[in-house]
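Below is one structure; the comments refer to it alone.
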Amino acid sequence: MTSGFDQELFTSDDYCYRPNLDVHEIWKSGVVDMWVPLSEAKSGRIHVCATWLDLNETDSSLDLQLEEIRALQANTKNPLHSGVLMVWIA
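In our numbering, the protein residues as written are -2 to 87.
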């Protein structure tokens, strides 16, 4: 689970929200495109588009994801941001 902060230039960033997102749902579905309600906030939602990627020894699957993001950005005024969650298992 992640948290959201507003960005301040002259003061410290303020905690704003926590999305109510179950990563297990992304794993089960493989791909999700949904609006997620915010907890610990008066109101609001964030739009989550996520793809579960299995462990891989090459970065080719990440390259494919970046190509898809670039194609989506060509059709929108607002930039899209990609995030990668890495989990190391020893």
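Even glycine gets a Cβ: it sits at the ideal position worked out from N, Cα and C. These figures come from a predicted structure and were not determined experimentally.
For residue i, three-class secondary structure by DSSP
i     : result
Asp30 : strand
Anticipated Cβ contact below 8 Å, residue i with residue j, distance rounded
i     : j     : result
Leu35 : Gly41 : 5 Å
Residue i - containing alpha helix (DSSP H), residue span
i     : result
Ala68 : 57 to 70
Proximity of residue i and residue j at Cβ, strictly below 8 Å
i     : j     : result
Leu63 : Val45 : no
Same chain, Cβ closer than 7 Å to residue i, five either side skipped, listed in chain order
i     : result
Asp30 : Cys46
Cβ-based neighbour list, residue i, same chain, cut-off 8 Å, excluding 5 preceding and 5 following
i     : result
Trp24 : Trp49
Own chain, CB closer than 6 Å to residue i, minus 5 neighbours either side, in chain order
i     : result
Trp32 : Arg42, His44
Val28 : Thr48
Leu59 : none
Chain C within 8 Å of residue i, Cβ atoms only
i     : result
Glu65 : In the structure shown, chain C does not exist; there is a single protein chain.
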